[in-house]
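Colleague: After the structure tokens below, expect a handful of questions from me.
Number of protein chains: 2
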Amino acid sequence: MKRTDTKSHCPVNFTLELIGDPWSLLVLRDIVFFGKQTFKEFLDSSERITTSVLTSRLSNLEKHGILTKQPHATDLRSSLYRLTEKGLGLVPMLLAMMEWGTTYDAKSAGRRKKDFVERIKAEQSALSFEVQNIVRAGGSVFGEPRQ
Amino acid sequence: MKRTDTKSHCPVNFTLELIGDPWSLLVLRDIVFFGKQTFKEFLDSSERITTSVLTSRLSNLEKHGILTKQPHATDLRSSLYRLTEKGLGLVPMLLAMMEWGTTYDAKSAGRRKKDFVERIKAEQSALSFEVQNIVRAGGSVFGEPRQ
DNA sequence: CATTATAGCTTGCATTATGCAAGCTATATA
DNA sequence: TATATAGCTTGCATAATGCAAGCTATAATG
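Residue numbers (the working numbering), protein chains in the order written: chain B, 13 to 159; chain V, 13 to 159.
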């Protein structure tokens, strides 16, 4: 079974099957946080994705309507990759990942990033807190409490 | 290079390296949404994780302080897996994934799940909207606008 | 007490995805 | 004309997963 074969119709699983590989979200991060748009710019990220994997990830993201590939305005060799509305819909997930990673990675980040993360924390939804309290107390969102 | 080797100290990458495999988040989903706590309960999920992979994922999540393994109160064969505060910190990410998956998966979900997702959408942060608008306009969070 | 079932873990092999290196085509630049 | 760049493709080694089987300790059943 391939990693992206449909294993269930749980929405969390659906999301994982589309963008849960080790690289797709890093490409989306590069677009959202750093404004990258071209193959070369993605290639230059500090995680050192290889050309073969990048080609595969970009084509997959385009195939699933998460980004579009447009011809570059002046350079015919190049293309511009931009987020669709579906891709923009992943911003809350990226913010949540950034917040968690910043909180728990021993290597602390710069001032600018920390300020941004403080805003994410400050705007955390009441629903998130509610769910955390339920689970902390031994319950769950759709299940009955156990203890 | 292993998938979990440190490739950078970007917080998004950090999060991916800890829980970005195809299975860890499904275990966390089972805890948060369905109140599962034991090996057997995780094994029974509709995605059909195998025992070998489940063992590996649980031990990894415990190693990283995302969940704890406690002896079962009455059954000495069994253990209870519960989220730590660090694990609870992933709730916003799970909610974001659930919201996106429900919105874009053709197979629609039940009424109860949809109502929940409506609440996630309703409580989406002002920051998320702001970032979406910036990116829609060709800019990015930490970069300069391009067009 | 003997038998059977269950919880969790381990192993072995096939398949899939990624890491890495190299090279290829078309276009741009000097 | 020569060289550099953008993006893509291929081949091979390694890592992770899918799948099947079996193993140990404990629980439940007669």
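Glycine residues also receive a C-beta, built at the ideal position from the N, C-alpha and C atoms.
1. Applying the criterion that 16 or more other CB atoms from any shown protein chain within 10 Å of the CB defines a buried residue, is P157 (chain V) buried or exposed?
2. From L95 (chain V) to E53 (chain V), what distance separates their C-alpha atoms?
3. Starting from the Cα of K48 (chain B), find the closest Cα among B:I132, B:L70, B:Q136 and give me that residue.
4. Could you pull out every residue in the same chain whose Cβ sits closer than 6 Å to the Cβ of V147 (chain B), ignoring the five residues on either side in sequence?
5. I'd like the span of the beta strand (DSSP E) that includes L102 (chain V), first residue to last.
6. Is it right to say Q144 (chain V) is buried, meaning 16 or more other beta carbons lie within 10 angstroms of its own, or is it exposed?
7. In terms of DSSP beta bridges, what is S152 (chain B) paired with?
8. Looking at L66 (chain V): is its Cβ nearer than 9 Å to the Cβ of L55 (chain V)?
9. Does F45 (chain B) get closer than 9 Å to chain V when you measure Cβ to Cβ?
10. Along chain V, which residues have their Cβ under 9 Å away from the Cβ of E135 (chain B)?
11. Is there a C-beta anywhere in chain V that falls below 9 Å from the one on D117 (chain B)?
12. Consider the Cβ of V103 (chain B): report whether some Cβ of chain V lies at a distance smaller than 9 Å.
13. I'd like to know whether the C-beta of V65 (chain B) is nearer than 9 Å to at least one C-beta of chain V.
Modeller: Taking the coordinates as given:
1. At P157 (chain V) the pLDDT is 47, less than 50, meaning the model places this residue with poor confidence; the figure from the coordinates comes in the next sentence. Residue environment for P157 (chain V): exposed (fewer than 16 other C-beta atoms within 10 angstroms of its C-beta).
2. Taking the straight line from one Cα to the other gives about 15 Å.
3. Checking every option, the nearest Cα to that of K48 (chain B) belongs to B:L70.
4. The beta carbon of V147 (chain B) sits closer than 6 Å to no other beta carbon from its chain once the five residues preceding and following it are set aside.
5. Secondary structure note for L102 (chain V): it is in no beta strand (DSSP E), with a DSSP letter that is neither H nor E.
6. Label assigned to Q144 (chain V): buried.
7. When beta bridges are read from the DSSP output, S152 (chain B) appears opposite no residue.
8. Yes.
9. It does; some Cβ of chain V falls within 9 Å.
10. Within 9 Å Cβ-Cβ: S137, A138, L139, S140.
11. Taking Cβ atoms only, chain V reaches closer than 9 Å to D117 (chain B), which makes this a yes.
12. Yes, contact with chain V.
13. Judged by the 9 Å Cβ criterion, V65 (chain B) is not in contact with chain V.
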